[in-house]
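Heads up, the thing below is written out as structure tokens.
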Amino acid sequence: MTPIRNNWSKQEIADIFNSSILDLIYKAATVHREFHDAQEVQVCTLLSVKTGGCPEDCAYCPQAARYHTDVKVHKLLPTEEVLKAAVDAKTNGSTRFCMGAAWREVRDNSDFDRVLDMVKGVSSMGMEVCCTLGMLSEEQANKLKDAGLYAYNHNLDTSAEHYDKIISTRTYDDRLDTLSNVRNAKISVCSGGIIGMGETENDRVGMLHVLATLPEHPESVPVNALVPVEGTPLEAQERVSVWEMIRMIATARIIMPKAMVRLSAGRVRMNTEEQALCFLAGANSIFAGDKLLTTPNPDYKDDKKLFQVLNLKPRQAYKNIEAPKIKFQQIPL
Ligand code: SF4
């Protein structure tokens, strides 16, 4: 049995990352089959519940207020609208529903109370509920946990060394603090990053090294390819190749064998064969629905065809894990 290790050296990870691509895929596929049903892929839906107007300066993000992009800014959506979207997502086969708000951090105000209601509502549908709301204190994480939150997404984005070329309004340590607050509240951790932001291969290895040497590996590791958006500082960035995505996915799979590795932004540009290679390399989750927060994504129909061609089956919610105990009165839907 491949051991779960948190003591990887950066050199060990670099050696895996730089191995010949077919060997890397073969090794990752082998580890994948040891820990997961390779026919299973989790289908998740990500909804932007509050879009744009964010005070942060993440160079890739069209939702930062300081960049002039075509994003349609809106305040926090009404709870009923979010719950209806979750019902639609579930009907279309999603078992995980993630709600994203373009906030620097969570504030203890009426908007947060409404997010807690959204979490309760979605959780009572039996879906895995995830939020991505910016920085979070341990107390706020506990409140989300009590509302039925299963997972919290907070990406490292890139390596510690490349970080200040991408974001200046919060530090790498701020991100790690949020991850530790989430972990302390016993919420499942979702954290990964984005490639194609001008980083070196050494930076990619560096980010994977930080994730794989956390006291516990994230349960979920999204791997995103930058989708350059006009008006952002990274608008002219060259798109990454599918091989670069595969290298990231396969390395993540080998060094964090139990994690769900999520093939995330950038999938819209991949054909069936390219996505098949990503699944072979250990990706076992996708985001479905025509939008990924604000960027384009394949729609449900395309993914149904993809699953048919590749003989994949959707993973059920809370497989091999305990669903959060509902401590609240169920919201009528
Ligand atoms: S990535 Fe999140 S924190 Fe950064 S600008 Fe976009 S919405 Fe704000």
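Residue numbers for the sequence shown follow our numbering, so the first one is 126 and each next one is one higher.
Glycine included, every Cβ here is placed at the ideal spot set by N, Cα and C.
Counting every other CB atom within 10 Å of its CB across the protein chains shown gives Trp368 a total below 16, marking it as exposed. Residue environment for Arg364: exposed (fewer than 16 other C-beta atoms within 10 angstroms of its C-beta). DSSP places Thr204 in the helix class (H, G or I) of the three-state scheme. Contact annotation, Val244 with Leu208: C-beta distance approximately 11 Å; criterion of less than 8 Å not satisfied.
Around Thr419, the same chain offers Pro187 and Val196 as residues with beta carbons nearer than 6 Å, after the five sequence neighbours per side are excluded. Under the 10 Å beta carbon count, Gln433 is surrounded by fewer than 16 other beta carbons and is classified as exposed. Between the segment 258-271 and the segment 142-159 there are fewer than three C-beta pairs closer than 8 Å, too few to call the two in contact. Excluding its 5 nearest sequence neighbours in each direction, Asp302 has C-beta neighbours in its own chain below 8 Å: Met260, listed in chain order. Annotated as distal: Val168 and Arg130, with beta-carbon spacing of 9 Å or more. For Ile150, the enclosing alpha helix (DSSP H) covers residues Ile146 to Phe160. Within 10 angstroms of the beta-carbon of Asn409 lie 16 or more other beta-carbons, which makes it buried. Residue Arg394 holds the alpha-carbon nearest to the alpha-carbon of Ala350 among Gly414, Arg394, Lys175 and Val174.
Per the CB criterion, closer than 5 Å to any heavy atom of the ligand SF4, the qualifying residues run in chain order as Cys179, Glu181, Cys183, Cys186, Gln188, Ala189 and Ala227.
With a 10 Å radius around the Cβ and a threshold of 16 neighbouring Cβ atoms, His342 comes out buried. Burial is judged here by how many other beta carbons sit within 10 angstroms of a residue's own beta carbon; Val231 has at least 16 and is buried. Boundaries for Ser134: no alpha helix (DSSP H) harbours it, and the DSSP string shows neither H nor E there.
For the pair Asn280 and Ala310, the CB atoms are not nearer than the 9 Å cut-off. In the three-state DSSP reduction, His193 falls in the coil class, being neither helix nor strand.
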